[in-house]
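Quick notes on the structure that follows.
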DNA sequence: TTATCGACTGAACGTTGTTTAGTTCAAGGG
DNA sequence: CCCTTGAACTAAACAACGTTCAGTCGATAA
């Protein structure tokens, strides 16, 4: 079986090599710069060789993004140790924006471009698992906040509140990604904007934490 | 001068004809469906003829979007008649999301794609004019809210508050555009999400209106 | 030794945006 | 009236793209 093993290993190595070459091009120059011919040149193969490992170009890049996003989900899920659900959501928001800005090309592809995640088998498998599905984790935290009586009346629908919060941080991140260098607007510091969004939304949606328990209250 | 006039008019007619054909393709099938050859076929010209009217494909589509966005700005600026600045911002947000969802392709190109507005001459010209620059109008309304003591301490920077509010409605609109048909998430109704974002943010950023003056208070 | 089979290549196909050399034709000056 | 000019437009090509497919090659299995 050693020879078959070697074949499989070599195949996997080329698979990764393709992904690495694509990541290099993608992360530095964006989606449009990723060309099968450029990847092929980088790995010293023919463009057609890539089709032995990926169905098409889209499959390649989505595989790349999914792989990198797994790191993101795992990273976010470490926040499960934060006891106060509202504080947890706050940190979730900051971590989310940080990741988006550190991987703008990945973020753009995953959240600023239409994609058919519903037809992705191994993506559907992790759906709902708070460790591997960021939305599920957020939703769960909001649910906990509701149960502890921390959400205002209008936001006691966990999905609605989670979706609103997500939209908020997504708005900050995506505007920064597409319009950061646009001086039409006198942009405030991205950190300030992130904080303004997260604190503003949480102030609007939640009630202050009871004193003497959990983190300090938010209200001035 | 009549012959020169006619030439100029005919030129303008073809110019518009190109834009109309492009709009048809663009609005219904998105950016990628807009092909110079398809446009050329629709207007019964050769692809190269288009280059007599536009610098390149990007110039064509951006011209198209700018033209359609002028209608939007004018439409928004009718809200200047609303006396209460906070209520005005609220209506601005709803109008913004409505336009984005009615013209998703335009919106995608203008706000979800990097673009060099700074190097656009006639775009720079209308910058700051509340009638023709939506951001300026928003910013001005926020400024007025600050002056009337309606903004909480953290949001008394008109730019920061305006940018946060913009990011909020942009987040709602862009998530809807790219992920509406994605059933990874149990999406709440878009109207509910829009309202949750706008009310949530305004509740977090503003103080209630004084009773007996302006619109009714927001706090439950 | 020979057959098999997966991996890979070389060359093509059909698109795309864009350029360029040429054609056409009305306008304007001598 | 002719002839030049100049703009508008065409025909054809170019380079680059994703993708396909008939083959080749070399190691494995019989």
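Protein chains in written order, with this note's numbering: chain A, 6 to 225; chain B, 6 to 225.
Glycine residues also receive a C-beta, built at the ideal position from the N, C-alpha and C atoms.
Predicted model only: the values in this text are computed from it and were never measured.
Rounded Cβ spacing between residue i and residue j (contact assumed at less than 8 Å)
i: residue 172 of chain A; j: residue 177 of chain B; result: 5 Å
i: residue 90 of chain B; j: residue 153 of chain B; result: 7 Å
i: residue 214 of chain A; j: residue 137 of chain A; result: Between residue 137 of chain A and residue 214 of chain A the Cβ distance is about 29 Å, and since that is not below 8 Å, they are no contact.
i: residue 202 of chain B; j: residue 169 of chain A; result: 5 Å
i: residue 27 of chain B; j: residue 65 of chain B; result: 6 Å
i: residue 96 of chain A; j: residue 84 of chain A; result: 5 Å
i: residue 200 of chain A; j: residue 164 of chain B; result: So it is not a contact: roughly 14 Å between Cβ atoms.
Neighbourhood of residue i by C-beta, 8 Å cutoff - its chain only, sequence neighbours within 5 removed
i: residue 20 of chain B; result: 58
i: residue 80 of chain B; result: 100, 104
i: residue 134 of chain A; result: 141
i: residue 185 of chain A; result: 192, 195
Below-8 Å beta-carbon distance, residue i vs any chain A residue
i: residue 140 of chain B; result: yes
i: residue 119 of chain B; result: yes
i: residue 105 of chain B; result: no
i: residue 19 of chain B; result: no
i: residue 116 of chain B; result: yes
i: residue 210 of chain B; result: yes
i: residue 101 of chain B; result: no
i: residue 160 of chain B; result: yes
i: residue 51 of chain B; result: no
i: residue 198 of chain B; result: yes
i: residue 143 of chain B; result: no
i: residue 173 of chain B; result: yes
i: residue 42 of chain B; result: no
i: residue 132 of chain B; result: yes
C-beta neighbour in chain B for residue i, strict 8 Å
i: residue 68 of chain A; result: no
i: residue 191 of chain A; result: yes
i: residue 177 of chain A; result: yes
i: residue 112 of chain A; result: no
i: residue 202 of chain A; result: yes
i: residue 137 of chain A; result: no
i: residue 155 of chain A; result: no
i: residue 97 of chain A; result: no
i: residue 63 of chain A; result: no
i: residue 30 of chain A; result: no
i: residue 168 of chain A; result: yes
i: residue 75 of chain A; result: no
Residue j beta carbon less than 8 Å from that of residue i
i: residue 117 of chain B; j: residue 179 of chain B; result: yes
i: residue 143 of chain A; j: residue 94 of chain A; result: yes
i: residue 189 of chain B; j: residue 16 of chain A; result: no
i: residue 45 of chain B; j: residue 54 of chain B; result: yes
i: residue 205 of chain A; j: residue 160 of chain B; result: yes
i: residue 24 of chain B; j: residue 69 of chain B; result: yes
i: residue 226 of chain A; j: residue 74 of chain A; result: No answer is possible for residue 226 of chain A: the residues shown for chain A start at 6 and end at 225.
i: residue 67 of chain B; j: residue 120 of chain B; result: yes
Boundaries of the alpha helix (DSSP H) in which residue i is found, first to last residue
i: residue 202 of chain A; result: 195-210
i: residue 162 of chain B; result: From DSSP, residue 162 of chain B is part of no alpha helix (DSSP H); its letter is neither H nor E.
i: residue 37 of chain B; result: Premise fails: residue 37 of chain B is in no alpha helix (DSSP H) and is neither H nor E.
i: residue 80 of chain A; result: 62-82
i: residue 91 of chain B; result: 90-107
i: residue 42 of chain B; result: 41-48
i: residue 56 of chain A; result: Neither: residue 56 of chain A is in no alpha helix (DSSP H) and is coded neither H nor E.
i: residue 127 of chain B; result: 126-130
i: residue 144 of chain B; result: 139-152
Residues near residue i by beta carbon distance below 7 Å, same chain, minus five either side
i: residue 113 of chain A; result: 182
i: residue 145 of chain B; result: 135
i: residue 166 of chain A; result: 147, 156, 160, 210
i: residue 22 of chain A; result: 48
i: residue 52 of chain A; result: 41, 42, 45
i: residue 221 of chain A; result: Any reading at residue 221 of chain A needs caution, since the residue's pLDDT is 46, under 50, leaving its predicted position unreliable; the model's value is listed next. Correct list: empty, nothing qualifies.
i: residue 82 of chain B; result: 135, 136, 142
i: residue 151 of chain B; result: 161, 163
Cβ shell of residue i (< 6 Å), same chain only, five flanking positions each side left out
i: residue 174 of chain A; result: 98, 101, 102
i: residue 78 of chain A; result: 137, 139
Distance cut-off 7 Å: residue i Cβ against heavy atoms of the ligand GTP
i: residue 48 of chain B; result: The model on display carries no ligand, and the ligand GTP is accordingly not part of it.
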